[in-house]
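Q: Please read through the structure below; I'll follow up with questions.
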Amino acid sequence: MPRHSLKLFHIIIDTNSFIFLSNVKIQIGGQDKSLLRILRQCATIQYAEAVDKEIKSISKRTKTEIVSVSNAPKYSQGLFDKDITSIITDCGEKHNFILAMHTFLEKRQGNVVFLTDDTKAKEKENILKNQIDTYSTFLHIWSSFDVVTYLYQMGVLQELVTTNAIQTLINNQSDSEIQTPKNKKEANQIDNDEYSRQVQKIRDKWNQHKTKYTSKIETIKKLKSALQP
Amino acid sequence: MNLLKYNLKSNPFQFVTPTQGSDLVWAGMPSVKKQLMDIYTQAYQQESKKLVLNWGAWGGGKTYAAFYFAKNRIGVPDENLLHIYIQAPKTGEAAVQELVRSIITKVGSNQWYSMVQEAITKVGQEEFKRIITERTDEIIADTIVRLFTGVFSMEIVNQYITRGLTNPKLDKMHLSSNLKSEQNFIDFLSGLLVAITIGNEKRVFIWIDEMEEMSLFAGKQFRLFNLMLRDLTDKVNERIIVFMNFTFSETDMNSLRTMFSDALWSRITDRIRYSDLDIEDAKMYCKDLLKDALIDASKSSAITDDLIEQILSLLPPSMLIPREINKLFSKIITYAVNTNAEQIDKEVINAALATI
Chain A
8 MPRHSLKLFH IIIDTNSFIF LSNVKIQIGG QDKSLLRILR QCATIQYAEA VDKEIKSISK
68 RTKTEIVSVS NAPKYSQGLF DKDITSIITD CGEKHNFILA MHTFLEKRQG NVVFLTDDTK
128 AKEKENILKN QIDTYSTFLH IWSSFDVVTY LYQMGVLQEL VTTNAIQTLI NNQSDSEIQT
188 PKNKKEANQI DNDEYSRQVQ KIRDKWNQHK TKYTSKIETI KKLKSALQP
Chain B
23 MNLLKYNLKS NPFQFVTPTQ GSDLVWAGMP SVKKQLMDIY TQAYQQESKK LVLNWGAWGG
83 GKTYAAFYFA KNRIGVPDEN LLHIYIQAPK TGEAAVQELV RSIITKVGSN QWYSMVQEAI
143 TKVGQEEFKR IITERTDEII ADTIVRLFTG VFSMEIVNQY ITRGLTNPKL DKMHLSSNLK
203 SEQNFIDFLS GLLVAITIGN EKRVFIWIDE MEEMSLFAGK QFRLFNLMLR DLTDKVNERI
263 IVFMNFTFSE TDMNSLRTMF SDALWSRITD RIRYSDLDIE DAKMYCKDLL KDALIDASKS
323 SAITDDLIEQ ILSLLPPSML IPREINKLFS KIITYAVNTN AEQIDKEVIN AALATI
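The listed protein sequences correspond, in order, to chains A and B. Note that my numbering has the first sequence beginning at 8, numbered continuously upward. Note that my numbering has the second sequence beginning at 23, numbered continuously upward.
Quick look at the structure:
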């Protein structure tokens, strides 16, 4: 078995990441494969039923990856002070977080990854962010960019393919963000200057992301070449 | 707007980016101006390839610089200077073709035709073809000759670079094929650019504005666009100077480097940073603009130095950029005119600000 095919991580994937990773196609062995498909060979992927409801209308999925947690109501109370049925905001992320905690605490699974690209859910000051911050000691908190970095480290993706994938993820994720100022401009709610400023802010954010992950790739590259026989 | 009583010919603080060709004044930023002037003058003194990266925050004057240099600022004969300003493609799909088409259509088929004609007349067709072949290949040289000599049709040239010619038309023109790949487009443009500098002292200055658009292209498109720009700079001769305007808010050069492919980055010969202005830079910028707009230069400026400083202090440091300074000053001057104020003083400024 090639080294990279060992399933080292148990990844609980969010809707956004599922879609982004499905949309990035990589040529491997003359075949176009999505990053998600490649990731499935290197990690166990799972998600909560609430996420499945969001995914099923937009993408093909593997039913065996859908997991329900029998004592989810208890987790919901303990983590979010809420009855499980009344979770509405960040519903997919919260159900996935319950699944991640369950996998770690009760299934006794190491290397559990909570994978989401929903930066708003991850970063806005609320109870979910608080729980993520607390449990990041035990869980790995990843975005799609970390998936690409992982696949590069494991030798599944070559350097050029990796940097291409990072750029394509930026393209996919910024596209939907730019839509907001675009709509505002079309509705004459903002002028050209304000539009440019808002788009530049989005670009700045993704530029920083690119710099950060390019630097990670450089660092990994150094170690990889040092370890080469 | 009647500004006579303020000793001003016009409102020097342009609210929007001015149009090309308007009579622009360079204000402040002396080091940027010097670097650009040096590049322009050196282009005629020494034959060395130049790929210039203008970078800095949004509203920092990069587009303004491109428009300012649309006019011949270095006193060379006008026929020796060709200025081409285009905006980078907004999306990655077909970005290379779009860039090439923009450059060609910006100049216009008729102008290409007369420039190519002039070059062939000077050196003869064989030598003309030889020089272009040296830079690109024989097919490109032959295509340029066939399209731009004999019975010239603007329509045919436009069709060739946009939709492509039909097979009968290709046969009639004795052309082997249309431009298909990105490489074909770049080769054709390189050939044309080389062609118009044959047998003369012409220098071509190409300004590509809003290059930051490419930072959000998808992976493959980003790579291809970078690769083709590299090829363009490799294939053209030493008489072509390309400026890339790139809006980038960070100040770290290493971060900026990651925005380009290694190959393109290594071709950049000059990097000009449009730094954020500090209060002294901003004061100089305002004073330069006001000075140029004075009707009677022996009389004092419409807005005193103290007032300039006071107005500028209203802007947070991150907004101390020409675009925002212009907006603020323009509003104050407009308010003074509209309220028929005798002079622009503290009271007028406060009242104007209250309306914003």
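Glycine included, C-beta positions come from ideal geometry on N, C-alpha and C. This structure is a prediction, so every number in the text was calculated from the model and none was measured.
#1: Based on DSSP bridge pairs, tell me the residues matched to B:Leu103.
#2: On the DSSP bridge list, what partners appear for A:Ala50?
#3: Using Cβ-Cβ distances below 7 Å, what residues of the segment 233 to 244 of chain B are close to chain A?
#4: Mind checking if A:Arg210 is an interface residue toward chain B, Cβ cutoff 7 Å exclusive?
#5: Please report whether the beta-carbon of B:Ile61 lies at a distance below 7 Å from any beta-carbon of chain A.
#6: Can the beta-carbon of B:Asn132 be found less than 7 Å from the beta-carbon of B:Asn267?
#7: Since A:Lys32 sits in a beta bridge, which residues does DSSP pair it with?
#8: How many angstroms separate the CA atom of B:Lys224 from the CA atom of B:Glu115?
#9: Using a Cβ-Cβ distance cut-off of 7 Å, determine whether A:Ser181 contacts chain B.
#10: Under 9 Å Cβ-Cβ, which residues of chain A neighbour B:Met281?
#11: Less than 7 Å between CB atoms is the rule here; does B:Trp80 satisfy it with respect to chain A?
#12: Can you give the Cα-Cα distance for A:Asn195 and B:Asn33, rounded to whole angstroms?
#13: Considering only the beta carbon of each residue, do B:Ile354 and B:Ala65 sit closer than 7 Å?
#14: Check each candidate in A:Asp59, A:His17, A:Asp88 and name the one with the smallest Cα separation from A:Ile26.
#15: Below 7 Å CB to CB, which residues in the same chain sit around A:His11 once its five sequence neighbours on both sides are set aside?
#16: Say whether chain A places a C-beta atom closer than 7 Å to the C-beta of B:Ser277.
#17: Could you tell me whether the segment 171 to 186 of chain B touches the segment 104 to 115 of chain B, where touching means 3 or more Cβ pairs closer than 8 Å?
#18: Please confirm whether A:Gln207 has its beta-carbon closer than 7 Å to some beta-carbon of chain B.
#19: B:His196 to B:Ile208, Cα distance in whole Å?
#20: Taking beta-carbon pairs under 9 Å, can you tell me which members of the segment 158 to 190 of chain A lie near chain B?
#21: Helix, strand or coil for B:Met266? Go by DSSP, reduced to three states.
#22: Output yes or no for whether 7 Å exceeds the beta carbon distance between A:Ala107 and A:Phe87.
#23: I need the straight-line Cα distance from B:Val216 to B:Ser323, nearest angstrom please.
#24: Quick check on A:Thr221 - is its C-beta less than 7 Å from some C-beta in chain B?
#25: So which residues of chain B does A:Arg47 contact, with C-beta pairs closer than 8 Å?
#26: With distance defined between alpha-carbon atoms, name the residue in B:Lys309, B:Ser340, B:Thr377, B:Pro344 nearest to B:Ala358.
#27: In the DSSP assignment, find the unbroken beta strand (DSSP E) run with B:Ile96 in it and report its ends.
#28: By how many angstroms is the C-alpha of A:Ser24 removed from the C-alpha of A:Ser150?
#29: If we count the other Cβ atoms within 10 Å of its Cβ and call it buried at 16 or more, is A:Gln138 buried or exposed?
#30: Could you have a look at B:Asn76 and say whether DSSP puts it in helix, strand or coil?
#31: So, does the CB of B:Ser271 fall closer than 7 Å to a CB anywhere in chain A?
#32: Going by the beta-carbon positions, is the gap between B:Ile325 and B:Ile366 smaller than 7 Å?
A: In this structure, then:
#1: Under DSSP, B:Leu103 takes part in a beta bridge, and its partners are B:Arg225.
#2: In the DSSP assignment, A:Ala50 is bridged to A:Phe16.
#3: So the list reads Glu234, Ser237, Leu238, Phe239, Ala240, Gly241, Lys242, Phe244, given in the order they occur along the chain.
#4: The beta-carbon of A:Arg210 is placed less than 7 Å from the nearest beta-carbon of chain B.
#5: No, because no Cβ of chain A sits closer than 7 Å to the Cβ of B:Ile61.
#6: No, Cβ-Cβ distance for B:Asn132 and B:Asn267 is not below 7 Å.
#7: Residue pairing from DSSP places A:Lys32 in a beta bridge opposite A:Ser41.
#8: Computed Cα separation, rounded: 33 Å.
#9: At least one C-beta of chain B is nearer than 7 Å to the C-beta of A:Ser181.
#10: Those are Asn214, Lys217, Thr218, listed as they occur along chain A.
#11: At a cut-off of 7 Å between beta carbons, B:Trp80 contacts chain A.
#12: Between A:Asn195 and B:Asn33, the C-alpha separation is close to 27 Å.
#13: No, the pair does not count as a contact, with Cβ atoms beyond the cut-off.
#14: Residue A:Asp59 is the option with its Cα nearest to A:Ile26.
#15: Below a pLDDT of 50, predicted positions are generally treated as unreliable, and A:His11, at 48, falls in that range; the measurement from the model is reported next regardless. Cys49, Met161, Gly162, Val163, listed in sequence order.
#16: It does: the Cβ of B:Ser277 has a partner Cβ on chain A nearer than 7 Å.
#17: With the cut-off at 8 Å, the segment 171 to 186 of chain B and the segment 104 to 115 of chain B do not touch.
#18: The beta carbon of A:Gln207 falls within 7 Å of a beta carbon belonging to chain B, placing the residue at that interface.
#19: Between B:His196 and B:Ile208, the C-alpha separation is close to 21 Å.
#20: Result list: Leu167, Val168, Thr170, Asn171, Ala172, Ile173, Gln174, Thr175, Leu176, Ile177, Asn178, Asn179, Ser181, Asp182, Ile185.
#21: Strand at B:Met266.
#22: Contact annotation: A:Ala107 and A:Phe87 have beta-carbon atoms that are not nearer than 7 Å.
#23: Rounded to whole angstroms, B:Val216 to B:Ser323 spans 48 Å at the Cα level.
#24: Closer than 7 Å: yes.
#25: Going along chain B, no residue has its Cβ under 8 Å from A:Arg47, so there is no contact; the nearest lies around 21 Å.
#26: For B:Ala358, the nearest C-alpha among the options comes from B:Thr377.
#27: Here B:Ile96 belongs to no beta strand (DSSP E), and DSSP marks it neither H nor E.
#28: In this structure, the straight-line span from the alpha carbon of A:Ser150 to that of A:Ser24 is close to 7 Å.
#29: Sixteen is the threshold: when 16 or more other Cβ atoms of the shown chains lie within 10 Å of the Cβ of A:Gln138, as they do, the residue is buried.
#30: Residue state for B:Asn76 is assigned as strand, using DSSP reduced to three classes.
#31: For B:Ser271, the closest Cβ of chain A is nearer than 7 Å.
#32: The answer is yes: Cβ separation under 7 Å.
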